[in-house]
Amino acid sequence: MANRLALALCLLIAPAGAQAADTGGYSPVAPGGTKPYLPIPSFRDMMMPDKPEQADEPQDDVAKAARPEAPVDPNADLAFGAFQRGLYQRAFEEAKKRAEANPPDRAAMTLLGELYANGYGVPRKPEEAVRWYQRAADAGDPRAMTTLALARLEGFGSKKDETAAVALLEKAGEKNEAEALYNLALIELERANAPQQAAAAARRMKRAADLGEAAAQYAYAVLLREGRGVEKDPSAATEWLRRAAEQDDVAALVEYAIALFKGTGTVSNEAEAARLFRRAADRGNAIAQNRLARLYAYGRGVDRDPVKAAAWHRLSAAQGLKDPWLEGFVGTLDEKDKAAADALTARWSERFGPIPRVSQAAMTSGGETTASSTKQ
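Taking mature numbering (1 follows the signal peptide of the UniProt record, and there is no 0), I'd label the letters of the sequence shown as residues -20 to -1, 1 to 356.
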């Protein structure tokens, strides 16, 4: 199943044909116009929300078991400990014991659902995953309720059933499950056709944001910026972007960096903006790579470096984000600098793996918006 994504609300907020906010065309909703609900959450995210990301390691239990490990705490949760180390077969065996105990452990049942959903240590079986999520949800586990609801919304392992999904999200939301509140707010915004309905959705979104859900913090910032369900408040919007960016929400990193660069709702800080663009660029975000290329080309917030400008531009362009100005800039470099840029591009591109292409909106408007936001 997909990792959690930060999701923009642009399609819900702006009327059809309205000009998008100045984010370089960045609109991280799912391609093809699909509903912008959170994808089914990764259990790794559930169990380790504060753990920094690490490079992927081989998921071979035999190889991993041969590595030296810290002494095992006899009181530790063996199933989740094994899951965190990528020892999925061991995690499955321990979780199965706990799930079938009397009384059964609802968190272990949710973990079994995750293992079957992803094919970790067992064959991938969506129907079996949903069965375990259902058992955990019936036992009162709010995270299982949320995961099961999202499965119902997506038709994962079962037929699509938005009514049942909403009921599950409401039940989990009553237990202050932030991700459930966030998704409920998105559904309510999509359905809202009166100001009071939008206001109720905004209040629910703020509850999720207050509980620390990064996607909700980003979404609430968008609501504040656009004035949907709440009064427009650029300063408050930027503050919520900051909070989400602190959690490494990529969409928030990009938009908070733009706000810092322009001084929108905060004091302008080009050096900090450049740092945040670099964080998002290192995560493979095309808009951040484009912004960073322009900063290096102009020497704004960073020392001027045409070679790095060319390399970041090529990485962004490889994702389909057009920028005629940068293309012309790269064309002015001498052969030595172009060769150096080629070498940097090749080295950096190894981090990102297969490159996803950005939306058509980004490809057509990203370069022009970027130009307007970085020129002297």
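Beta carbons: idealized from backbone N, C-alpha and C, even for Gly. Small disclaimer: the values here were computed from a predicted structure and weren't measured.
Between L91 and Y68, the gap from beta carbon to beta carbon reaches 8 Å or more. Exclusion of the five residues before and after G209 leaves A178, A179, A181, A182, L203 as the residues of its chain whose Cβ lies within less than 7 Å of its Cβ. Using a Cβ-Cβ distance cut-off of 8 Å, the region 222 to 239 and the region 257 to 274 are in contact, since at least three pairs of beta carbons, one from each stretch, lie closer than that value. Burial check for P83: the Cβ neighbour count within 10 Å stays below 16, so the residue is exposed. Each of V282, Q269, G311, L306 was checked against the Cα of S296, and the nearest Cα belongs to Q269. L67 sits in coil when the DSSP states are folded into three classes, being neither helix nor strand. Burial state of N163 is buried, judged by a 10 Å Cβ sphere holding 16 or more other Cβ atoms. Judged by DSSP secondary structure, R274 falls within the alpha helix (DSSP H) whose first and last residues are 266 to 278.
Comparing C-alpha distances from D283 to each of S329, A251, D118 shows the shortest one belongs to A251.
Assignment of R263 by DSSP, reduced to helix, strand and coil, places it in the coil class. In chain order, A129, L164, I167 place their CB closer than 8 Å to the CB of V146, counting only its own chain and leaving out the 5 sequence neighbours on each side.
DSSP places A59 in the helix class (H, G or I) of the three-state scheme. For the pair Y278 and K288, the CB atoms are not nearer than the 8 Å cut-off. For D190, the closest of A174, A224, R171, R274 by C-alpha to C-alpha distance is A224. Taken through DSSP and simplified to helix, strand or coil, K212 comes out as coil.
In this structure, the CA atom of A109 is about 43 Å from the CA atom of S215. When DSSP states are grouped into helix, strand and coil, V102 belongs to the coil group. CA-to-CA, the gap between Q299 and A217 works out to about 29 Å.
Contact annotation: R132 and D141 have beta-carbon atoms nearer than 8 Å. Nearest Cα to N249 within the set R259, P175, A237: A237. Of the candidates E170, S138, G61, R123, the residue whose Cα lies closest to the Cα of E154 is R123. Between R274 and L306, the CB-CB gap stays under 8 Å. For P106, the number of other beta carbons within 10 angstroms of its own is at least 16, and it is reported as buried.
Taking 8 Å as the cut-off, the Cβ atoms of A59 and E74 count as close. In this structure R78 is in contact with A88, their Cβ atoms being roughly 4 Å apart against a cut-off of 8 Å. Excluding sequence positions up to five before and after G93, its CB lies within less than 6 Å of the CB of A109, W112, Y113, all in the same chain and listed in chain order. Going by C-alpha positions, Y200 is about 6 Å away from K186. Residue environment for G101: buried (at least 16 other C-beta atoms within 10 angstroms of its C-beta). By the beta-carbon neighbour count (other beta carbons within 10 angstroms, threshold 16), Q176 is exposed. Inter-residue distance for T246 and E170 is about 30 Å (C-alpha atoms, whole angstroms). Burial check for A323: the Cβ neighbour count within 10 Å stays below 16, so the residue is exposed.
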